[in-house]
Amino acid sequence: MSSESTTADGGLPAAPKTSSKTLAVLQRVGRSLMMPIAVLPAAALLLRFGQDDMLGSNGPEPGGLADVAGMGWMANVAPIVGASGEALFEALPLLFAVGVAIGFARRADGSTALAAVVGYLVFDRVTTRIFFDQGGEVGSAVTVEGTELVNWGAKNPTDVLGGIMIGLVTALLWQRYHRIKLPTWLGFFGGRRFVPILTAVVALGLAVVFGFLWPTVGGWIDGLGAWVVGSGAAGAGVYGVVNRLLLPFGLHHIVNSFVWFVAGDFQGASGEIDRYFAGDPTAGGFLAGFFPVLMFGLPAAALAIWRAAHPTRRAAVGGIMISGALTAFVTGITEPIEYAFLFVAPLLYGVHVVLTGISMAVLNALDVQLGFGFSAGGIDMLLNAFKSNTQGMPILLGMGALYFVLYYLVFYFLITKLNLPTPGREPAEDSPAAAAPSSGAAPDEKGSHDSGGSGDSGDSGGSGGSGGSGGSGGSGSGWSVDPPAP
0 MSSESTTADG GLPAAPKTSS KTLAVLQRVG RSLMMPIAVL PAAALLLRFG QDDMLGSNGP
60 EPGGLADVAG MGWMANVAPI VGASGEALFE ALPLLFAVGV AIGFARRADG STALAAVVGY
120 LVFDRVTTRI FFDQGGEVGS AVTVEGTELV NWGAKNPTDV LGGIMIGLVT ALLWQRYHRI
180 KLPTWLGFFG GRRFVPILTA VVALGLAVVF GFLWPTVGGW IDGLGAWVVG SGAAGAGVYG
240 VVNRLLLPFG LHHIVNSFVW FVAGDFQGAS GEIDRYFAGD PTAGGFLAGF FPVLMFGLPA
300 AALAIWRAAH PTRRAAVGGI MISGALTAFV TGITEPIEYA FLFVAPLLYG VHVVLTGISM
360 AVLNALDVQL GFGFSAGGID MLLNAFKSNT QGMPILLGMG ALYFVLYYLV FYFLITKLNL
420 PTPGREPAED SPAAAAPSSG AAPDEKGSHD SGGSGDSGDS GGSGGSGGSG GSGGSGSGWS
480 VDPPAP
């Protein structure tokens, strides 16, 4: 008789394994999205510096560099700089196709990227041809007798989602066929050379399916995006909560991709980030709420963890927490702080989730608008604080100051009142019972001398798959920085 416990339903024991596999796949998808997202800082910087109020000339105060420094020639340089950033934003679907293919495929190489480019070019051209009626050579969108003619320069309505889909398909095809062996007379096309060819064929079929289904599916997505954007404070609050809840599983990038690159439309620009940098006066409301949390709240939480540590551990914990706080404030990278209490004190993370949702909802309700190209840190705030469609900066800074105080007081109170095992508050290792093993103990027994407590949390995988933070139970030096969450 087997010692394993079974249920009446033979399928139930396999559920956890299936669930685990599904989660692992979703985590890989989330991590793969980080490669194309990493391009955004460069695109945002170039596009921002190329605008009239930065390097160019906009006449009224505060003028751009061409006005302030009397460098009139910069008025001609600025559009060139801005165009370079705009090119990256316009090519986001292709960048996502390539980035996701490389990030999702195991042991990817250059042939993976080439296959993704081939696949997306086929997908883009075929879907565009289906979406629009063919009407000869058309240089711009033209409507004749109510019929929109084909426009090869028009933006593909599948946008980033189409690129992500092609990237995933390419990765799967590459993993399955990159070592395929063909008959001798076709040997030249075997192995890695076969993948771009196969990807083109599959992309053709996928494009036809998308071409006929997208008007319906796209309508649903547009409706969802319209609801999220149109629901205002409630939608922003829900997004903030979901964003933080999915962070431990590495799935928040999937939600971010929809809000950042799909929801809403403004003169051909889609998503909060693209619309914000395109000058949409309504964009930025779903991004501003991250600034008080990432720049002010979590650094205050790090200080609270430091101050709540045992005196003998405070110096070591302080080095980690202070560096994490400075990193969060300047760049908006907060994972080193969040993973310090996520696993050892889930209650604190629950409070953090709620406060994030509140910040998002409140600032959205007050019409505060501020965007970012990388994350909600000080660098992005300085770059975009004076942008024409940024508004409510005094309110945002006031909210940040309030959140600094609130996070510090709440975290310090809960840590000390409930004796939560945050870094520096692990179970005492120097008690007599722990320090002196019993006479019957084996010589190699360590008793409680293991670096326990929050050090164990270092084994947990970060949202970007970097392995999480190396907790303070050990040397405390194993911190790894995951790509920014929001």
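Heads up: the sequence shown begins at 0 in numbering that gives the first Met the number 0, then just goes up one per residue.
Positions of the beta carbon are idealized from the N, C-alpha and C atoms, including for glycine.
Looking at the DSSP output, residue 265 shares a beta bridge with 268.
In the structure shown, residue 368 falls within a strand segment according to DSSP collapsed to helix, strand and coil.
Within a 10 Å sphere around the beta-carbon of residue 205 sit 16 or more other beta-carbons, which makes this residue buried.
Residue 50 sits in coil when the DSSP states are folded into three classes, being neither helix nor strand. The count of Cβ pairs closer than 8 Å, one atom from the region 195-203 and one from the region 160-174, reaches three, so the stretches are in contact. Note that the C-beta distance between residue 410 and residue 376 is not below 8 Å. In its chain, beyond the 5 residues on either side, 159 have a beta carbon closer than 6 Å to the beta carbon of residue 91. By the beta-carbon neighbour count (other beta carbons within 10 angstroms, threshold 16), residue 393 is exposed.
Pairing residue 293 with residue 332, the inter-Cα distance amounts to about 8 Å.
For residue 174, the enclosing alpha helix (DSSP H) covers residues 158-176.
Annotation for residue 359: 235, 236, 239 and 288 place their beta carbon closer than 6 Å to its own, counting only its chain and skipping 5 residues before and after. Our two residues, residue 265 and residue 344, have alpha carbons roughly 42 Å apart in a direct line. Just so you know, the alpha carbons of residue 180 and residue 114 end up roughly 18 Å apart. The beta-carbon separation of residue 27 and residue 103, rounded to 6 Å, stays under the 8 Å limit for a contact. At a Cβ-Cβ threshold of 8 Å, residue 279 and residue 418 do not count as neighbours.
Rounded to whole angstroms, residue 277 and residue 49 show a C-alpha spacing of 12 Å.
Non-local beta-carbon contacts of residue 262 in its own chain, meaning distances under 7 Å to residues more than five positions away in sequence, involve 224, 227, 228, 270 and 271 in chain order. As the crow flies, the alpha-carbon of residue 119 is around 12 Å from that of residue 111.
Residue 287: not part of any alpha helix (DSSP H); DSSP gives it neither H nor E. Taking residue 379 as reference, the option from 34, 311, 45 and 318 with the minimal CA-CA separation is 45.
In this structure residue 300 is not in contact with residue 423, their Cβ atoms being roughly 14 Å apart against a cut-off of 8 Å.
Secondary structure note for residue 73: its alpha helix (DSSP H) is the uninterrupted segment 73-89. According to the DSSP assignment, residue 124 belongs to the alpha helix (DSSP H) that extends over 109-130. When the Cα atoms are used, residue 218 and residue 311 turn out to be separated by approximately 60 Å.
Straight through space, the alpha carbons of residue 273 and residue 259 are spaced by roughly 7 Å. For the 8 Å CB-CB criterion, residue 77 and residue 51 form a contact. Taking a C-beta distance under 8 Å as the contact criterion, residue 291 and residue 213 do not qualify as a contact pair. Close CB contacts of residue 203 within its chain, under the 7 Å cut and outside five residues either way in sequence, are with 121 and 125 (chain order). Scanning its chain for C-beta atoms nearer than 6 Å, with the 5 sequence neighbours on each side dropped, one finds around residue 390 the residues 368, in chain order. Shortest Cα-Cα distance from residue 176 to any of 416, 184 and 188 involves 188. C-alpha of residue 400 to C-alpha of residue 295: approximately 7 Å in a straight line.
Taking the C-beta atoms as reference points, residue 167 is found no nearer than 8 Å to residue 216.
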